[in-house]
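Positions 1 to 111 (full-length UniProt numbering) are the ones given, in order, by the sequence shown.
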Amino acid sequence: MLAVGAHLAPAQSAPAKTYDFLTVTNIESGTKSLAKMLITPAFQGKTEVQLEDLGSLSVEKNLAKIARNTEVINRQLTELTAAGWEFVQAYPFAFSPDLPTTRYLFRKARN
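Here you go:
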């Protein structure tokens, strides 16, 4: 109970929100079959988006591929937030020392 003036009022608490979660896993690889963005659960019918492999030894070519991959990643993350998914956090994921991997966690309040 809370004291409000001379009257006692019951404490009010908002009901806890329930969320759905979505995880995006980006795998950067020198192998085309592994360089991809994995989306779980599926978003707009997609469970994965192909990224460019970073197999080239040329720094200039890799920089261009990284820039194109960044555009693909940003576009997908923008689509998620436009659809109401709230970004929660991003963190490196130690899948393999040879495969730089980042995970992005999103949530959406259930109605």
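All C-beta atoms, glycine included, are put in the ideal place defined by N, C-alpha and C.
If you're wondering where the values come from, they're calculated on a predicted model, not measured in any experiment.
What's the gap between the Cα of residue i and the Cα of residue j?
| i | j | result |
| --- | --- | --- |
| residue 81 | residue 28 | 22 Å |
| residue 2 | residue 13 | Model confidence at residue 2 stands at a pLDDT of 48, short of 50, so the residue's coordinates are unreliable; what they give is reported in the following sentence. Residue 2 and residue 13: Cα-Cα distance of roughly 12 Å. |
| residue 39 | residue 87 | 14 Å |
Provide the residue span of the beta strand (DSSP E) that contains residue i, from first to last.
| i | result |
| --- | --- |
| residue 15 | Unbroken run through residue 15: none, as it is neither H nor E. |
| residue 38 | 36 to 43 |
Let me check understanding here. Comparing Cα to Cα, which of the options lies closest to residue i?
| i | options | result |
| --- | --- | --- |
| residue 34 | 19, 46 and 25 | 25 |
| residue 79 | 106, 55 and 89 | 106 |
| residue 20 | 85, 31 and 71 | 85 |
| residue 42 | 63, 54 and 76 | 76 |
| residue 51 | 72, 59, 23 and 109 | 72 |
| residue 48 | 55, 36 and 91 | 36 |
Going residue by residue through the stretch 48 to 105, where are the continuous beta strand (DSSP E) segments of at least 3 residues, counting only ones entirely within it? Counting whole runs of 3 or more residues, the stretch 48 to 105 contains the beta strand (DSSP E) stretches 86 to 92.
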